[in-house]
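**Q**
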Amino acid sequence: MRNHSSTFSKSIFGLGLIAIMLALTSCASFEARTLPVTHVSADDEALAYSGRHEVTAPGQVSVGYSGARVRMRFEGDAITLRATSDTDQNFLKAWLDGEPLEKFQLDSAKGVYRLANSLGEGVHTLEVMRLTECFLGLVNFQGFEIAGEGARVLPWGDLEDRRIEFIGDSITCGYGVEVDDPLLSFEPSSENFSLNYSHLAARELGADFLVVARSGIGMTRNYDGPFEGSEGDMPDNYPNTFYENEEYTWDFSRYTPDVVCINLGTNDFSVGGVNVETYVNDYVAFASKALDRYPEAQLVVILGPMNNSEELKAALQRVVATLQESEPDRVNFIELSAQGELGYGADYHPNQAQSKVNAAELSAFLSDLMDWR
């Protein structure tokens with residue numbers, strides 16, 4: 135005879151266990167959802183920004199050029215970034231405790247990005263960098279959220295003692311560096327400042343960096359521009375914080391580099407050519423202002439790996455010779471290895487292999503020049 139009472143008791147007991155487990159799960163989920171959150175404004179003094187940036191709205195810091203970044207120290211269980219962009223074509227990359235995370239694309243409809251969960255106890259570091267270039271619009275940092283009991287942001291402290299300013303074009307932006315096919319055209323997804331020669335060299339040297347660069351820009355003539363020169367060249371844009379934006383004028387006292395590296399000329403001497411005399415004169419005038427603005431800094435004139443013709447090299451050597459007449463100990467020249475043997479990135483730009491070679495060349499040159507060991 136079946137013991138219905140025993141079966142009924144077991145059923146009740148089983149249901150009771152399920153109910154308890156569901157209650158515990160519900161409580162755990164509730165606790166996870168209600169972890170205290172510390173909000174950190176993007177303009178909090180504890181954060182450290184590198185690169186040209188401005189507070190463009192209450193609690194919002196905007197960056198325009200490649201390589202601009204924000205760094206922070208914090209304690210907490212999880213970290214979330216709030217950010218938007220003028221376009222949905224910009225990419226960012228983060229480093230947590232010095233280890234790289236996957237790059238991610240900004241989506242203005244989203245605006246919130248969980249960067250890390252389940253962090254251990256202790257102090258953590260976070261760096262978030264803009265990978266894509268200025269013509270894709272501003273990236274607007276709007277703050278961070280740190281979850282966890284006792285979560286807090288800590289002062290970053292002083293920036294690196296070594297400081298480099300890079301002035302350049304698409305090569306300095308990392309245009310097409312992620313692909314190995316010269317027949318591919320520009321895509322924001324294949325541009326990555328963190329993989330280009332300037333960033334790799336700065337990292338190798340343990341230096342902070344500021345970048346003013348834009349694809350297609352020249353010292354006198356932008357790509358495919360008039361022989362006598364283009365409007366919107368580097369001298370036109372350089373005084374402003376953001377590209378083609380006169381609303382914010384850059385305050386040069388905010389960043390004093392130890393060395394200024396200029397890699398411009400590839401576009402000036404592209405198809406159609408440039409008035410060489412005008413180019414030399416414009417370059418000398420631009421570089422002279424940099425030498426005056428930063429009286430303790432070294433200047434490095436770079437012949438890059440693209441379109442490094444003898445005509446461009448001769449023009450740059452004229453620039454260097456002219457500048458050395460008044461500053462013989464502060465003006466330097468380096469010719470980076472030409473691309474070709476290691477393949478090409480998009481639109482025949484340097485790929486990752488070429489960028490690593492050029493980064494090693496530049497870092498060794500700067501190490502000797504600046505005695506950065």
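Counting the sequence shown from 1 gives a position; the numbering used here is that position plus 134. Built from N, CA and C at the ideal position, the CB exists for glycine as well. Note that the structure is a prediction, hence the values are computed from the model and not measured.
#1: Spatial neighbours of residue 443 within its chain, please: C-beta separation below 7 Å, excluding the five flanking residues on both sides.
#2: Could you name the residues that DSSP lists as bridge partners for residue 261?
#3: Could you tell me the boundaries of the beta strand (DSSP E) in which residue 281 lies?
#4: Would you mind reading off the limits of the alpha helix (DSSP H) that contains residue 468?
#5: Report all residues from its chain with a CB closer than 7 Å to the CB of residue 357; omit the five preceding and five following residues, and keep chain order.
#6: Mind checking residue 273: buried by the 16 CB within 10 Å criterion, or exposed?
#7: Closer than 6 Å by C-beta to residue 174: which residues in its own chain qualify, once you throw out the five before and the five after it? Chain order, please.
#8: Tell me which same chain residues have a C-beta within less than 7 Å of the C-beta of residue 497, skipping the five on either side of it?
#9: Starting from the C-beta of residue 519, find all residues in its chain whose C-beta is less than 6 Å away, skip the five residues before and the five after it, and write them out in chain order.
#10: What are the boundary residues of the beta strand (DSSP E) that residue 172 is part of?
#11: Is it buried or exposed for residue 317, if we count other Cβ within 10 angstroms and need 16 for buried?
#12: Look at residue 306 and residue 347 and say whether their C-beta atoms are less than 8 Å apart.
#13: According to the Cβ coordinates, are residue 421 and residue 396 closer than 8 Å?
#14: Short check: CB of residue 448 to CB of residue 413, under 8 Å?
#15: What does DSSP give as the partner residue(s) for residue 182 in the beta ladder?
#16: Give every residue of the same chain whose Cβ lies closer than 6 Å to the Cβ of residue 223, excluding the five residues on either side of it in the sequence, and list them in chain order.
#17: Taking only runs of the beta strand (DSSP E) that begin and end inside the region 303–375, which ones reach a length of at least 3 residues, in chain order?
#18: With a cut-off of 8 Å, do at least 3 Cβ pairs link the region 227–234 to the region 250–268?
#19: The alpha helix (DSSP H) with residue 458 in it runs from where to where?
#20: Under 8 Å, do residue 483 and residue 219 count as touching if we go by C-beta distance?
#21: How long is the line joining the alpha carbons of residue 209 and residue 427, rounded to whole angstroms?
#22: From residue 221 to residue 169, what distance separates their C-alpha atoms?
#23: Pairing CB atoms from the region 380–400 with CB atoms from the region 291–299, are three or more of them under 8 Å?
#24: With DSSP as the reference, identify every bridge partner of residue 397, one or two as the case may be.
#25: State the start and end residues of the unbroken alpha helix (DSSP H) segment that holds residue 417.
#26: Within its chain, find whatever has a CB closer than 6 Å to the CB of residue 280; leave out the 5 residues flanking it on each side and keep chain order.
#27: Around the Cβ of residue 216, are there at least 16 other Cβ atoms within 10 angstroms (buried) or fewer (exposed)?
#28: Apart from the five residues just before and just after residue 195, which ones in its own chain have a Cβ nearer than 6 Å to its Cβ?
#29: Which same chain residues end up closer than 8 Å to residue 468 when comparing Cβ atoms and leaving out the 5 residues on each side of it in sequence?
#30: For the putative contact between residue 202 and residue 264, defined by C-beta atoms under 8 Å, what is the C-beta separation to the nearest angstrom?
#31: Evaluate residue 311 with the Cβ neighbour count: other Cβ atoms within 10 Å of its Cβ, from every protein chain shown; 16 or more gives buried, anything less gives exposed.
#32: Have a look at residue 165 and residue 382 and give me their C-alpha separation to the nearest angstrom.
**A** Here's the rundown:
#1: For the purposes of this step, residue 443 is taken as residue 309 along the sequence shown, with counting starting at 1. If we look at residue 443 and ignore the five residues flanking it on each side, its Cβ neighbours are 403.
#2: Here residue 261 refers to the residue found at position 127 when the sequence shown is read from its first residue. Paired residue(s): 205 and 229.
#3: Start at 1 with the first residue of the sequence shown, and residue 281 comes out as number 147. Where residue 281 is concerned, the enclosing beta strand (DSSP E) stretches over 273–281.
#4: Along the sequence shown, read from residue 1 onward, the residue named residue 468 stands at position 334. Premise fails: residue 468 lies in the beta strand (DSSP E), 465–469, not in any alpha helix (DSSP H).
#5: In the sequence shown, the residue the question calls residue 357 occupies position 223. Result list for residue 357: 350, 401 and 404, in chain order.
#6: Along the sequence shown, one-based indexing puts residue 273 at 139. The residue in question, residue 273, is buried, as its Cβ has 16 or more Cβ neighbours within 10 Å.
#7: For the purposes of this step, residue 174 is taken as residue 40 along the sequence shown, with counting starting at 1. Once the five neighbours on either side are set aside, the close Cβ partners of residue 174 are 277, 278 and 287.
#8: The count along the sequence shown starts at 1 and reaches residue 497 at position 363. Answer for residue 497: 335, 338 and 339, listed in chain order.
#9: The question about residue 519 has no answer here: the residues shown for the chain are numbered 135 through 507.
#10: Counting from one through the sequence shown, the residue named residue 172 turns up at place 38. Note, residue 172: beta strand (DSSP E), 171–174.
#11: Position 183 of the sequence shown, counted from the first residue, corresponds to residue 317. So residue 317 counts as exposed.
#12: Counting from 1 along the sequence shown, the entry for residue 306 is found at position 172. Counting from 1 along the sequence shown, the entry for residue 347 is found at position 213. Yes, Cβ-Cβ distance for residue 306 and residue 347 is below 8 Å.
#13: By one-based count along the sequence shown, residue 421 stands at place 287. By one-based count along the sequence shown, residue 396 stands at place 262. Yes; because the gap between Cβ atoms is below 8 Å, this pair is in contact.
#14: Sequence index remark: in the sequence shown, residue 448 carries index 314 (1-based). Sequence index remark: in the sequence shown, residue 413 carries index 279 (1-based). Not closer than 8 Å, so no.
#15: As a first step, residue 182 is located in the sequence shown; it is residue number 48 there, counting from the start. Answer is 205.
#16: Locating residue 223 in the sequence shown gives position 89, counting from the first residue. These residues qualify, in order along the chain: 270 and 322.
#17: 342–347
#18: yes
#19: The residue labelled residue 458 in the question sits at position 324 within the sequence shown. Residues 444–458.
#20: Within the sequence shown, numbered from 1, the residue matching residue 483 stands at position 349. Within the sequence shown, numbered from 1, the residue matching residue 219 stands at position 85. Taking 8 Å as the Cβ cut-off, residue 483 and residue 219 do not qualify as a contacting pair.
#21: Against the sequence shown, residue 209 aligns to sequence position 75. Against the sequence shown, residue 427 aligns to sequence position 293. Their Cα atoms are separated by approximately 40 Å.
#22: As a working mapping, residue 221 is identified with position 87 in the sequence shown. As a working mapping, residue 169 is identified with position 35 in the sequence shown. Cα to Cα, residue 221 sits roughly 33 Å from residue 169.
#23: yes
#24: To locate residue 397, count along the sequence shown from 1; it is residue 263. Paired residue(s): 302.
#25: Here residue 417 refers to the residue found at position 283 when the sequence shown is read from its first residue. First-last of the alpha helix (DSSP H) with residue 417: 410–427.
#26: Taking the first residue of the sequence shown as 1, we reach residue 280 at position 146. Excluding positions up to five away in sequence, the list reads 172, 208, 210 and 213.
#27: Residue 216 sits at position 82 when you count from the first residue of the sequence shown. By the 10 Å Cβ count, residue 216 comes out buried.
#28: On the sequence shown, residue 195 is found 61 positions in, with the first residue counted as 1. Closer than 6 Å at the Cβ level, and outside the excluded window around residue 195, lie 176, 177, 187, 189 and 275.
#29: In the sequence shown, the residue the question calls residue 468 occupies position 334. The residues are 434, 435, 436, 437, 495, 496 and 499.
#30: Stepping through the sequence shown from its first residue, residue 202 is reached at position 68. Stepping through the sequence shown from its first residue, residue 264 is reached at position 130. Confirmed, Cβ separation roughly 5 Å.
#31: Working through the sequence shown from its first residue, we reach residue 311 at position 177. Classification of residue 311: buried, given that the 10 Å Cβ count is 16 or more.
#32: On the sequence shown, position 31 is the one that residue 165 refers to. On the sequence shown, position 248 is the one that residue 382 refers to. At residue 165, the pLDDT of 41 sits below 50, so the modelled position is not reliable; the number obtained from the coordinates is stated separately. One C-alpha to the other measures close to 45 Å.
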